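So the sequences go chain by chain: B and U.
The first sequence begins at 1 in the numbering used here and counts up by one.
The second sequence begins at 1001 in the numbering used here and counts up by one.
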Amino acid sequence: MIVVGELSLWIALLMATWCATVSFAGGLGRRADLIRSGERASYAASAFTLLAAIGLWKALLSRDFSLAYVASQISANMPNVYVFTAFWSGQAGSMLFWALILSLYSAIAVWSNRASNRELMPFVTGTLAAVLVFFLATTAFKANPYSRLDWLPIDGRGMNPQLQNPGMAIHPPNLYLGYVATAIPFAFAIAALVTRRLDAEWLAAVRRWSLLSWFFLTIGIVLGMWWAYVELGWGGYWAWDPVENASFLPWLTGTAFLHSIMIQEKRGMLRKWNVTLVVVTFLLSILGTFITRSGIIESVHSFAQSPVGSWFAAFLAVSIAVTAYLVATRLHDLETKAGLESMVSREAAFLYNNLLLVGIAFSVLWGTLFPILSEWVRGEKITVGPPFFNAVNIPLGLLLLGLTGVGPLIAWRKASLSNLRRQFLVPALSGVAFTALLLALGMRNGYALVSYMLAAFVAATIVQEFAKGVGARRSIHRESLPIAFVHLVARNRRRYGGYIVHAGIVMLFAAFAGLAFRKEFDVSLTASQAFEATDPYGRRWRFVSQGVSTAKTLNRLVTAVALEVQRDGKPVGFIKTEKRQYFDSQERPTFEPSTEVGIKTEARLDTYVVLAGVRDDSAELRITFNPLVIWVWIGGALMALGGIVVMWPQAERRRQSGYAAQLRPATQAEEAVPVG
Amino acid sequence: MISRRDWLRASLLTVGVGSVAVSAKLRAQQGSSGVVDTSNLFAMDQAAARSVRLPPKPGASPAMNNEDRDALEHRIRCQCGCTLDVFTCRTTDFSCQVSPAMHRDITALVDGGYSAQEILDAFVSVYGERVLMAPPKVGFNVVGYVLPGLAIAVGAVVLVILIRRWNRVEPRRAPVAASLDASPDELARLEAAIRDDS
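Structure representation (structure tokens):
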């Protein structure tokens, strides 16, 4: 099976090359036979890439250490679940994993559009195949997971222990699913540009793929934050690391696209902008992968001095050149078809939203790449860390949060004063009242106060929208509250799914602001020794060390400390934190010791304990009070849930109402009617 | 719309310059190590610490309390490759030998009566600016701080100009239903959908 897998990798590369060639030739020459051949080659490339992947999984699970990749990623005593996930934990395997997802996505996109979008599909198929050729060729020539060693090691090197975590098992696949899904809208955009069919047709085909990409990127990013929080032990979940930034960039531009697409659907505007956003989102995905793979920027995630970096740089350069040429030579076809009537309207609010999202994306990209630029210009290496990113992005993020409340409620075309008063009076008062309450309770941090004011404002707009909708259904259909709620969301999943996503965003911002009140203590405790501290809410905590213990398990030696915890004099359980030294099947230590954080989670705060080490029976601990962290995970889950609601098939039918709205301009009366 | 020739000329120049620069950077990196593959987490450089010591000032007393010293350590980057600051690294990962060494230097300088800025300057003189968690706002670094805000400001101005221009355009009436390839029944369903959509 391993040999079959290796052979399949090369056949898949041939199939993808054939697919790209005949699809473009068929599309340009209008040759139906070539187009059909291209479609079949797409399916074949997908099948052979799957076989190549199965071969590698087989090699991993059978511990075939004759393969360099297997020997470098796993050891004989590793649990099978992490042996399975080792497929994407190293350079070569993750490249094949990229290719696998892309080939499967391509086959689905080609199959689901085989009867529609006939003009576009040859170029869609060809573009996807061209991208697949790049990934398969890079895998085959530069990072081949089937490369064999000249000798047979007794055991493998094993996986970095910090990657042996459930979050890490599912975080990378989600990110890859998100990154790769940006290739489908990109392919449709290229096809639309080549054929000059730049009406709403191509947008209809890509909207769900863009949502899918956004959905997986959201889950991937939040899972990455969770992994960093529970596994790395530094007490936070976002450090503006270049690789974190790389995943955030396409998320930002993808989010901008999902908003601006509505303006094109409703008003026929922003055609150039939407094409640009789709292309930029894909290119940022490739750039992100390039940053991760090349080692060109120092990062906690770096694949050391990877040989694939120059291939990615070349692919990126060619992609930019081709798309820039296509956009530049089709500007006339992308002319806007409608005017904007007011700067106070939903269209304008979405434009401001896009400006901020793209502005944040630019500042993140700039901050990520600035160390390289600085080195080129001055010959001086510098670090651009959290202080820079926070200084630039927090104000922009807060503006964006405010717009999250304004955009969905303001009227299309032109908002009247009465519309503004009716929609925003209660939310604005809610924001002000909540801020006054926090001031009365003694909160004085300016950024936190603004965050909570805006969060309360946006939360009130969302509650107001749901209340209006549910109220209308209850009065018209005589439904109970839960039934009315379910029917309301089900009847307009796109709109109310969006509100659920926004509710998740509100939770995230509220949780981020909570970090302003974080408190940390550096302590050293022997057995039975106690440490007392006050949390940001003024509650008194007492931690009593139960002493240091050691234990040996399957593939690691564990040094642990348990703390008995009391809050305001009442026992609330124990917190255990560990230091682990992993070893291979020959009991040789592998990697540096790793940390297992002890976390006690409440709605108000996490009590986060890290065992830094043990010195003379004394445990060196860092105890941190992290307010509101659980709301980051709940907010992320809510965003994902909202994404599912928006993507649900019925939403596709509702989308047609968007196109229909182009047929007949909405009247002021219609704009004011709440959905019921 | 630009001409094909102009576009080709500009793009070839841009791609050429960019490719040469990136390739040179990558070649320089790849030449420095024989490592072929690893996991996607950094390899810790335990030998990265260098000595940052200055003689104590005459009659020196500690220039700051422990809280201020910890805050200062948040501004200095550990050099082991973790990308964390000294305080976070040394209180998180006992296996790192770099952040404890840097902490000892910081403590010695604090005890020697040096201010936060003097300590930062001393670290920059040994490690270079990369030792700071954020670049100082001087010289070329100012571009780094100013450009994002400037770009957004320019974007906002362009947006306002565009909106005003669009505002002057008479909104185009939508095509009449007769031009649609849709049955009356489909149109009726679309009309119903419009009423439910905002």
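Idealized CB from N, CA, C, for every residue including glycine.
Bear in mind that the values here come from a model prediction, so they are computed numbers and not experimental data.
Residue i Cβ short of 7 Å to the ligand SAH heavy atom set
i	result
W227(B)	Here there are no bound small molecules, and the ligand SAH is not part of this structure.
Within-8 Å CB hit, residue i to chain B
i	result
S1095(U)	yes
F1140(U)	yes
I1161(U)	no
L1084(U)	yes
N1167(U)	yes
R1104(U)	no
R1077(U)	yes
T1107(U)	no
M1044(U)	yes
Backbone secondary structure at residue i - three-state DSSP
i	result
Q1097(U)	coil
D568(B)	coil
F1137(U)	According to the sequence displayed, residue 1137(U) carries Lys and not Phe. Coil at K1137(U), not helix or strand.
T17(B)	helix
E119(B)	coil
T289(B)	helix
I11(B)	helix
P589(B)	strand
Q1117(U)	helix
F282(B)	helix
E596(B)	strand
I382(B)	coil
N688(B)	Outside the shown range of chain B, which is 1 to 676, sits residue 688(B), and nothing can be said about it.
T329(B)	coil
E1129(U)	helix
I74(B)	coil
A1049(U)	coil
Among the options, the one whose alpha carbon lies nearest that of residue i
i	options	result
F290(B)	F65(B), G268(B), L334(B) and P242(B)	P242(B)
V308(B)	G547(B), F370(B) and N144(B)	N144(B)
G598(B)	G446(B), R615(B) and V565(B)	V565(B)
T577(B)	K552(B), P250(B) and L611(B)	L611(B)
D1070(U)	G1144(U), P1135(U), D1105(U) and R1168(U)	D1105(U)
M443(B)	A129(B), H477(B), F517(B) and F457(B)	F517(B)
A140(B)	A107(B), V110(B), W98(B) and I170(B)	W98(B)
Q264(B)	L128(B), E592(B), W202(B) and V180(B)	W202(B)
A619(B)	A45(B), V548(B) and L369(B)	V548(B)
L1162(U)	R539(B), L270(B), L481(B) and Q529(B)	L270(B)
E231(B)	R580(B), A52(B), P649(B) and L481(B)	R580(B)
F188(B)	S116(B), F625(B) and Y447(B)	S116(B)
L212(B)	W227(B), L177(B), A455(B) and A239(B)	L177(B)
P153(B)	I108(B), Y69(B), P122(B) and V432(B)	Y69(B)
R157(B)	K600(B), D64(B), V131(B) and A391(B)	D64(B)
L284(B)	T534(B), A317(B) and P649(B)	A317(B)
V463(B)	S416(B), A415(B), G379(B) and L409(B)	L409(B)
I261(B)	R540(B), N353(B) and G385(B)	N353(B)
CB contact check: residue i to chain U, cutoff 8 Å
i	result
T461(B)	no
T17(B)	no
K381(B)	yes
M647(B)	no
A484(B)	no
M453(B)	no
V392(B)	yes
L420(B)	no
A187(B)	no
M262(B)	no
V3(B)	no
G26(B)	no
E231(B)	no
P387(B)	yes
F362(B)	yes
message: By the 8 Å beta-carbon criterion, what residues does the stretch 1126-1155 of chain U contribute toward chain B?
response: G1128, E1129, R1130, V1131, L1132, M1133, A1134, P1135, G1139, F1140, N1141, G1144, Y1145, L1147, P1148, G1149, A1151, I1152 and G1155
message: Please give me, in chain order, every unbroken run of the alpha helix (DSSP H) with length at least 4 that falls completely inside the stretch 180-205 of chain B.
response: 183-195
field: Interface residues of the stretch 597-620 of chain B facing chain U [CB-CB below 7 Å]
entry: V610, A612, G613 and E620
task: Taking a Cβ distance cut-off of 9 Å, strictly less, list which residues of the stretch 321-337 of chain B are near chain U, in chain order.
output: A321, A324, Y325, A328, T329, R330, L331, H332, T336 and K337
task: Just list the alpha helix (DSSP H) runs in the stretch 489-535 of chain B, keeping only unbroken ones of 4 residues or longer that don't cross its boundaries, in chain order.
output: 493-514
- prompt: Could you give the uninterrupted runs of the alpha helix (DSSP H) lying entirely in the stretch 78-165 of chain B, keeping only those of 4 residues or more?
  reply: 80-85, 91-112 and 121-141
query: Mind pulling the alpha helix (DSSP H) runs of 4 or more residues that sit fully within the stretch 434-477 of chain B?
result: 446-477
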